[in-house]
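Chemist: Numbering (this note's numbering), first residue to last: 40 to 274.
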Amino acid sequence: MIALVTIAGITLSLAGLWTVLPDLWFRGLRRQVLWHGPRDVNRVALTFDDGPHPVDTPRTLEILARHDIRATFFLVGKNADRYPNLVREIAAAGHDIGNHTYNHRHQWSLGPIKTVQEIRQGKEALEQILGKTVEYFRPPWGMFNLLTFSVGRTNGKVVLWSCTAQDWQISDAAAIAHRISTTSSAGSIILLHDANGVFGTSAPMLSALPLIIADLKQRGLDPVPLRHLKQSKAK
Ligand SMILES: [Zn+2]
40 MIALVTIAGI
50 TLSLAGLWTV
60 LPDLWFRGLR
70 RQVLWHGPRD
80 VNRVALTFDD
90 GPHPVDTPRT
100 LEILARHDIR
110 ATFFLVGKNA
120 DRYPNLVREI
130 AAAGHDIGNH
140 TYNHRHQWSL
150 GPIKTVQEIR
160 QGKEALEQIL
170 GKTVEYFRPP
180 WGMFNLLTFS
190 VGRTNGKVVL
200 WSCTAQDWQI
210 SDAAAIAHRI
220 STTSSAGSII
230 LLHDANGVFG
240 TSAPMLSALP
250 LIIADLKQRG
260 LDPVPLRHLK
270 QSKAK
């Protein structure tokens with residue numbers, strides 16, 4: 040009995056070391072990750088996760104182009120392999136591209152080898168299509184296991200967010216826009232989704248996006264890609 044309890048205790052401790060502790064450190068306490076830009080410059084970064092999507096990504100690009108805005112897209116490798124032309128289109132329009140792993144698997148469900156594979160495969164898929172280095176990485180749902188950060192960092196910056204509106208769940212565009220408006224400020228990294236794996240459509244986000252952009256501009260906040268978020272105004 041004592042042996043069983045000991046084994047259970049060790050197993051639980053190891054599981055916690057692999058999942059809860061790193062997640063608390065990087066996601067909970069936001070240590071070592073880029074989750075917010077400088078607060079003294081009136082810039083924010085719009086970031087779009089989970090694409091490319093054959094319908095909703097082009098629509099997102101259209102809206103951004105209409106407002107002359109550059110953003111950042113965190114792409115899932117398997118979607119990128121399916122729609123490589125969209126990946127090139129995003130880059131050609133001047134947006135930044137980040138790695139969002141190959142299969143969008145939850146990091147807690149992965150062992151060490153799979154963790155490395157998921158991150159590397161995602162990066163390689165994008166780099167093969169783009170012919171250049173991908174400098175940003177965001178883990179699915181912003182979740183970490185013990186290896187996620189160190190493997191992700193070899194690709195550049197590990198990026199989370201400071202502001203989101205659960206646009207994959209909320210169907211009311213005005214509510215999404217309102218939520219972004221009330222929780223964003225100078226330096227915010229805003230999380231949205233141009234592909235929705237849960238409910239299958241990003242229509243609410245697409246309706247909300249023009250409202251979000253209008254509100255940011257009206258508040259004097261300039262949406263920029265991540266590479267410009269950290270630059271001072273003088274540059
Ligand atoms: Zn995602």
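For each residue, glycine too, the CB sits at the ideal point set by N, CA and C.
Return yes when the C-beta of residue 95 is under 6 Å from any heavy atom of ligand 1, and no when it is not.
Modeler: Sequence index remark: in the sequence shown, residue 95 carries index 56 (1-based). No, the Cβ of residue 95 stays beyond 6 Å of every heavy atom of ligand 1.
Chemist: Report all residues from its chain with a CB closer than 8 Å to the CB of residue 274; omit the five preceding and five following residues, and keep chain order.
Modeler: Your numbering for residue 274 matches position 235 in the sequence shown. Low local confidence applies: a pLDDT of 41 at residue 274 is under 50, so the model's placement there is unreliable, with the coordinate-based value given in what follows. Correct list: empty, nothing qualifies.
Chemist: Between residue 231 and the rest of its own chain, which residues show a CB-CB distance below 6 Å, the 5 nearest in sequence each way excluded?
Modeler: The residue given as residue 231 occupies position 192 in the sequence shown. If we look at residue 231 and ignore the five residues flanking it on each side, its Cβ neighbours are 87, 206, 244.
Chemist: If you draw a straight line from the alpha carbon of residue 94 to that of residue 187, how long is it in whole angstroms?
Modeler: One-based indexing of the sequence shown puts residue 94 at position 55. One-based indexing of the sequence shown puts residue 187 at position 148. Cα-Cα distance, rounded: 31 Å.
Chemist: Around the C-beta of residue 96, are 16 or more other C-beta atoms found within 10 angstroms, so that it is buried, or is it exposed?
Modeler: Residue numbering aside, residue 96 sits at position 57 when the sequence shown is read from its first letter. The residue in question, residue 96, is buried, as its Cβ has 16 or more Cβ neighbours within 10 Å.
Chemist: Start and end of the alpha helix (DSSP H) containing residue 235?
Modeler: Numbered from 1 along the sequence shown, position 196 holds the residue referred to as residue 235. It is not in any alpha helix (DSSP H) - residue 235 carries neither H nor E in the DSSP assignment.
Chemist: Quick one: using the 10 Å Cβ neighbour count with 16 as the cut-off for buried, is residue 223 buried or exposed?
Modeler: For the purposes of this step, residue 223 is taken as the residue at position 184 of the sequence shown. Residue 223 comes out buried.
Chemist: Check each candidate in 210, 265, 228 and name the one with the smallest Cα separation from residue 343.
Modeler: Not covered by the structure: residue 343. The range shown for the chain is 40 to 274.
Chemist: Assign residue 110 to one of three DSSP states: helix, strand, or coil.
Modeler: Within the sequence shown, residue 110 is the residue found at index 71, counting from 1. In this structure, residue 110 counts as coil in the three-state DSSP scheme.
Chemist: Could you pull out every unbroken alpha helix (DSSP H) segment of at least 4 residues lying fully inside the region 137-193, listed in chain order?
Modeler: Entirely contained in the region 137-193, the alpha helix (DSSP H) runs reaching 4 residues are, in chain order, 151-169, 187-192.
Chemist: Can you look up residue 252 in the DSSP assignment and give me helix, strand or coil?
Modeler: Counting from one through the sequence shown, the residue named residue 252 turns up at place 213. Of the three classes helix, strand and coil, the one that applies to residue 252 here is helix, per DSSP.
Chemist: Thinking just about the alpha-carbon of each residue, which of 64, 252, 265, 196 is nearest to the one in residue 219?
Modeler: Within the sequence shown, residue 219 is the residue found at index 180, counting from 1. Checked all of 64, 252, 265, 196; the closest Cα to residue 219 is 252.
Chemist: Does the separation of the CB atoms of residue 266 and residue 89 fall below 7 Å?
Modeler: To locate residue 266, count along the sequence shown from 1; it is residue 227. To locate residue 89, count along the sequence shown from 1; it is residue 50. Their beta carbons are not under 7 Å apart, which means residue 266 does not touch residue 89 by this criterion.
Chemist: So, helix, strand or coil for residue 50, using DSSP?
Modeler: Mapped onto the sequence shown, residue 50 falls at position 11. Here residue 50 sits in helix by DSSP.
Chemist: My output table needs one value for residue 70: the three-state DSSP class, helix, strand or coil.
Modeler: As a first step, residue 70 is located in the sequence shown; it is residue number 31 there, counting from the start. Coil, per DSSP.
Chemist: Should residue 53 be labelled buried (16 or more other beta-carbon atoms within 10 Å of its own) or exposed?
Modeler: Locating residue 53 in the sequence shown gives position 14, where the first residue counts as 1. The residue is exposed, with fewer than 16 neighbouring Cβ atoms inside 10 Å.
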